[in-house]
């Protein structure tokens, strides 16, 4: 949702002014805040691209403004002169902000916990030679049409394509999935395997596929993995149509609007409520430092594999 909003508002705009109001959100720009400001000032946004949870604005000059929102980061467009947010960390103003669609808005990076961040990095060739992520610009400069360039920000090469990426090699992903020696939910959250699937959408997809999160990936058939990936895509597509999932005011699009997919969740955050499919009470279980939600009837815990012990051969006395 954030990428779509940014693509609509900032494509083709030239950065006129940048202010960094706190050094921590630009800590990954190792040359420091002043260098980040200098490299952004005067640059024009040529595309807005996403891969998993990484978002970047391609700039003329083979660089990109790379953003990760972390736990509480927001990229919001507000009218110039609007009161500063309590956790405002950086702002960008554009040379043509007083005219056209932008209508005097500025782009602000707001982050309460400051786990997210911004950096200007070089663009490098994508390892597979295909478009770097979800993005692209039409011939008239509007979003869509031609795919994004076959480049990635330096440091993002290890991030896998996500389920909504049209260039995802599903067959290869299925095989990689089945060769992992881990639980299926851990595999879904492994950003080097498939990116962009968070805790909420993993639980929802597993419920649709009737899979317990601890089911071993090696025990899944190829059709089962494909069905799961189809369910992941369906959940994420429906969430996008609803504007995303906003549990509080931190999760908004670039215009500050909340998403409403929370109303369509089947199991996540519904502990004790009836499963929409069978009526059994949803349970919550600890999962690393987070929680998993499932229906104990639709998603039974996998039975532990029984070890095969070879009989001991009696030695002759």
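Numbering (full-length UniProt numbering), first residue to last: 1 to 317. A virtual CB, placed ideally from N, CA and C, is assigned to each residue, including glycine. Only a predicted model underlies this, so the values are computations on that prediction, with no experimental measurement involved.
Per-residue burial, residue i [other beta carbons within 10 Å of its own, 16 or more giving buried]
i: residue 121; result: buried
i: residue 221; result: exposed
i: residue 29; result: buried
i: residue 358; result: Missing from the structure shown is residue 358; the chain here goes from 1 to 317 and no further.
Own chain partners of residue i with C-beta closer than 7 Å, once the 5 adjacent residues on each side are dropped
i: residue 61; result: 43
i: residue 202; result: 185, 188, 189
Anticipated Cβ contact below 8 Å, residue i with residue j, distance rounded
i: residue 163; j: residue 229; result: 6 Å
i: residue 118; j: residue 26; result: 5 Å
i: residue 147; j: residue 131; result: 4 Å
i: residue 88; j: residue 6; result: So it is not a contact: roughly 17 Å between Cβ atoms.
i: residue 292; j: residue 185; result: 7 Å
i: residue 369; j: residue 210; result: Here the chain has residues from 1 to 317 only, and residue 369 is not among them.
Selected residue, minimal CA-CA separation from residue i, among the options
i: residue 95; options: 10, 284, 216; result: 10
i: residue 193; options: 29, 182, 300; result: 182
i: residue 41; options: 70, 59, 263; result: 59
i: residue 284; options: 200, 263, 66; result: 200
i: residue 204; options: 238, 177, 30; result: 238
i: residue 282; options: 151, 116, 294, 288; result: 294
i: residue 219; options: 187, 124, 166; result: 187
i: residue 64; options: 279, 149, 86, 80; result: 149
i: residue 288; options: 189, 271, 74, 125; result: 189
Neighbourhood of residue i by C-beta, 8 Å cutoff - its chain only, sequence neighbours within 5 removed
i: residue 3; result: 48, 49, 50, 55, 134, 135
i: residue 174; result: 222, 225, 226, 229
i: residue 124; result: 151, 152, 153, 154, 157
CA-to-CA distance, residue j to residue i, given in whole angstroms
i: residue 267; j: residue 276; result: 8 Å
i: residue 196; j: residue 66; result: 16 Å
i: residue 224; j: residue 303; result: 18 Å
i: residue 231; j: residue 57; result: 30 Å
i: residue 169; j: residue 128; result: 11 Å
i: residue 161; j: residue 46; result: 21 Å
i: residue 300; j: residue 213; result: 10 Å
i: residue 159; j: residue 269; result: 28 Å
i: residue 179; j: residue 217; result: 7 Å
Beta-carbon contacts of residue i that lie in its chain and below 6 Å, excluding the five residues immediately before and after
i: residue 91; result: 19, 106, 108
i: residue 207; result: 266, 267
i: residue 156; result: 54
i: residue 113; result: 71, 72
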